[in-house]
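Novice:
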Amino acid sequence: MAAVIETHELTKIYGRQKAVDHLTFEVRQGEIFGFLGPNGAGKTTTILMLLGLSEPTSGSSRVLGFDPVREPLKVKERVGFMPENIGFYDDMTGRANLRYVARLNSLPDAEAKKRIDDALEKIKLANEANKTVGAYSRGMRQRLGIAEVLIKNPKLIILDEPTMGLDPEGINSMLELIKSLSVEEGISVLLCSHLLHQTQKVCDRVGILDQGSLVAKGTIEELAGEGIQADGTKLSLENVYMRYFKEE
Amino acid sequence: MFTIFRKEIADHFNSTRFLILFCLVIGVALLTTYTVSMNLRSEISGGAKIEYLFLMLFTTSGQFFSLTQFIAFFGPLIGIIMGFDAINRERTTGTLSKLLSQPVYRDAIINAKFLAGIVTIAIMFVSLVLLLSGLGMVAIGVVPSAQEVARLAVYMLISVAYVGFWLGMAILFSIILRSIGTAALASIALWIFVSFFVGFGSGLIADVIAPADQNNPDLMLKNVRIATAIGRVSPVNLYSDATSTIMDPYRKTTKSFVLVGPMEKISMSRFDNPLSLSQSILVVAPYLTTLAALTAVFFAISYLVFMRQEVRSF
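Dropping the structure here:
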């Protein structure tokens, strides 16, 4: 299948520190790609480069066939991005927040209303849509973030730590939501997280990032397969992950 | 950009702080107009009608200060209050990275914010001046002439530019400084410095360089020259000099201190005719350009800093 994200030797250097070091990977159409790694591994920096919000020091990338450095607006039109700790205008209602995003995407009002209703339905927030966001719980805010992303009708969504700060129930419903988007709507997902066991449940493939470079890539089975121990038992992804980071 | 502009405008008008500010300004203005018009009425009753009486509503001081002085002094505060958290609030709430991931150019955000501030200020000024004109007409029973209306319009234009300068400065601080509190304090500190200390300081420095001597006109002139030259660093002085000339057709120079001999004085008073509007504008033109340039410089710096800032830090 065609790739929605391709990077080639993508590198970002801040001062003397290499945040992303010759990163090459691809996300295929329709899959959920788990982008894993400890805090500070360079996940967010990579995302910012993919969206054209930060310029790579060297290397190149293509997102949905566009070069984010040259055509950031085309990328931003088509890609839904939910940042870590997503913010809303707290004094506006959930619906008003969504409407603002719709306008920023220059959707006509009638179309925007339809999409907003659809999105609110999907995230099960239709009843609370007219409350101000200030009154929302953490879980509701995260779900509203997903709705905001969906308004663009994106082919690809990039989620940065979407489950952070949620309770177990919230995490489950968030992951189910992500899974359903991928299965039912065929949206490709780049899911960034440092929480493995969650990612394991929904991701088709994962890439493990450490200090800016990709240390492992493949399906969960493949990665687990690499970790067959002497006694023949298979390692879980978590063990694989720990192995990479303990070795240093 | 229009979408952001529209939202920013709506935010300004919905915010409590704008409401408080607006009420405050209107309240003070009403009070001043009232006292001024009462004074004027008692002064002019019986006498011949003074030319440009209507403008005096805005320039003579009632109990405390005139309206133009009030705006010169508190205008900066309006600009600061509207701009000090323009960017860093979006940053702390996390909405800035969201905004940037939408298909909008980065400069659209800062342009829209600046423009929304300017338009809000303009609306505020126009409504203020209209309200007071209406009140003044009723209170002193004088209708403004076409030239007075034109002068008021120019005055409003200068005022908006002046407050826009402070808005630009506050937005610059809100971009550079991460914390909202620090940005507010920095803006207010600069405001206080420029409105008070430049005034004191220029006098002091002038006294040191060229001590004034009552008997030596050359030295006195030098003293005043140095003091005003230093004072012109401050946009507050620029603004008050410019507006007082615009609002008073009898003022032929922006200088507050003119040395004239007794004979000269007599001959001057014989030809004491008001300047036409275009002449008044000519007198203050350098002031206006400086003010506009200062505003443009601040905005340009904000623009550059904002465009170059790493998104990472958002």
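Chains as they are written, first to last, in my numbering: chain L, 1 to 248; chain A, 1001 to 1314. We put the CB at the ideal spot given by N, CA and C, even for glycine.
Is L:VAL20 buried or exposed, if buried means 16 or more other CB atoms sit within 10 Å of its CB?
Specialist: For this step, residue 20 of chain L is matched to residue 20 along the first sequence. Its Cβ being crowded by 16 or more others within 10 Å, L:VAL20 is buried.
Novice: Interface residues of chain L around A:THR1095 at Cβ under 7 Å?
Specialist: Taking the second sequence and counting its residues from 1, the one referred to as residue 1095 of chain A is at position 95. Near A:THR1095 (Cβ distances below 7 Å), the residues of chain L are GLY87, PHE88, TYR89.
Novice: Residue range of the alpha helix (DSSP H) that A:ILE1176 falls in?
Specialist: Locating residue 1176 of chain A in the second sequence gives position 176, counting from the first residue. Its alpha helix (DSSP H) spans residues 1146-1176.
Novice: Distance cutoff 8 Å, beta carbons only. Does L:PHE33 sit that close to anything in chain A?
Specialist: Mapped onto the first sequence, residue 33 of chain L falls at position 33. Output row for L:PHE33: interface = no.
Novice: I'd like to know if L:GLU77 contacts chain A, where contact means its C-beta is closer than 8 Å to some C-beta of that chain.
Specialist: Position 77 of the first sequence, counted from the start, is the residue given in the question as residue 77 of chain L. Chain A contact via Cβ: present.
Novice: Closer than 8 Å by beta-carbon distance: list the chain L residues that pair up with A:GLN1102, in chain order.
Specialist: The residue labelled residue 1102 of chain A in the question sits at position 102 within the second sequence. Neighbours of A:GLN1102 on chain L, chain order: LYS76, VAL101, LEU104, ASN105.
Novice: Straight-line CA distance for L:ASN172 to L:ILE86?
Specialist: Position 172 of the first sequence, counting from 1, holds the residue named residue 172 of chain L. Position 86 of the first sequence, counting from 1, holds the residue named residue 86 of chain L. Whole-angstrom Cα-Cα distance: 19 Å.
Novice: List the residues of chain L whose Cβ lies closer than 7 Å to the Cβ of A:LYS1007, in chain order.
Specialist: By 1-based counting over the second sequence, the position of residue 1007 of chain A is 7. Those within 7 Å of A:LYS1007 in chain L are TYR100.
Novice: Taking a contact to mean a Cβ-Cβ separation below 8 Å, would you say A:GLY1136 touches A:SER1037 in this structure?
Specialist: Taking the second sequence and counting its residues from 1, the one referred to as residue 1136 of chain A is at position 136. Taking the second sequence and counting its residues from 1, the one referred to as residue 1037 of chain A is at position 37. Against a cut-off of 8 Å, the Cβ pair of A:SER1037 and A:GLY1136 comes out as a contact.
Novice: Thinking C-alpha only, which one of L:SER58, L:ILE123, L:ARG62, L:GLY207 is nearest L:LEU223?
Specialist: One-based indexing of the first sequence puts residue 223 of chain L at position 223. The residue with the shortest Cα to Cα distance from L:LEU223 is L:GLY207.
Novice: Taking a cut of 9 Å between CB atoms, which residues from the stretch 123-156 of chain L lie near chain A?
Specialist: Those would be GLY145, GLU148, LYS152, in chain order.
Novice: Please return the same chain residues whose Cβ sits closer than 6 Å to the Cβ of A:ILE1009, not counting the five positions on each side in sequence.
Specialist: To locate residue 1009 of chain A, count along the second sequence from 1; it is residue 9. If we look at A:ILE1009 and ignore the five residues flanking it on each side, its Cβ neighbours are ALA1116.
Novice: A:ASN1237: buried (16+ other C-beta within 10 angstroms of its C-beta) or exposed?
Specialist: One-based indexing of the second sequence puts residue 1237 of chain A at position 237. Burial call: buried.
Novice: With a cut-off of 8 Å, does the C-beta of L:PRO83 fall near any C-beta of chain A?
Specialist: On the first sequence, position 83 is the one that residue 83 of chain L refers to. So, interface residue.
Novice: Return the bridge partner residues of L:GLN17 from the DSSP annotation.
Specialist: Within the first sequence, residue 17 of chain L is the residue found at index 17, counting from 1. In DSSP, L:GLN17 forms a bridge with L:TYR14.
Novice: Between the stretch 53-66 of chain L and chain A, which residues of the former have a C-beta closer than 7 Å to a C-beta of the latter?
Specialist: Flagged, chain order: LEU53, SER54.
Novice: For A:LYS1098, which residues in chain L fall below 7 Å Cβ to Cβ?
Specialist: Locating residue 1098 of chain A in the second sequence gives position 98, counting from the first residue. Result: PRO83, ILE86, GLY87.
Novice: Taking only three categories from DSSP, how would you classify A:LEU1221?
Specialist: Mapped onto the second sequence, residue 1221 of chain A falls at position 221. In the structure shown, A:LEU1221 sits in a helix (DSSP, three-state: H, G or I).
Novice: Is L:LEU51 close to chain A, meaning its C-beta is less than 8 Å from at least one C-beta of that chain?
Specialist: Here residue 51 of chain L refers to the residue found at position 51 of the first sequence. Output row for L:LEU51: interface = yes.
Novice: Would you identify the three-state DSSP class for L:VAL189, choosing helix, strand or coil?
Specialist: Translated into the one-based positions of the first sequence, residue 189 of chain L becomes position 189. Note: L:VAL189 maps to strand in three-state DSSP.
Novice: Could you give the distance in angstroms between the alpha-carbon of A:ASP1207 and the alpha-carbon of A:TRP1191?
Specialist: To locate residue 1207 of chain A, count along the second sequence from 1; it is residue 207. To locate residue 1191 of chain A, count along the second sequence from 1; it is residue 191. If you take the alpha carbons of A:ASP1207 and A:TRP1191, they lie about 24 Å apart.
Novice: Closer than 9 Å by beta-carbon distance: list the chain L residues that pair up with A:GLU1148, in chain order.
Specialist: Position 148 of the second sequence holds residue 1148 of chain A. The premise fails here: A:GLU1148 is roughly 42 Å from chain L at the closest Cβ pair, so nothing lies under 9 Å.
Novice: How many Å lie between A:LEU1096 and A:ALA1285 at the Cα?
Specialist: Against the second sequence, residue 1096 of chain A aligns to sequence position 96. Against the second sequence, residue 1285 of chain A aligns to sequence position 285. When rounded, the distance between both Cα atoms is 39 Å.
Novice: For the alpha helix (DSSP H) that A:GLY1075 lies in, which residues bound it at each end?
Specialist: Working through the second sequence from its first residue, we reach residue 1075 of chain A at position 75. Run containing A:GLY1075: 1067-1083, per the alpha helix (DSSP H) assignment.
Novice: Using a beta-carbon distance below 8 Å, is A:THR1068 in contact with chain L?
Specialist: If you number the second sequence from 1, residue 1068 of chain A lands on position 68. So, not an interface residue.
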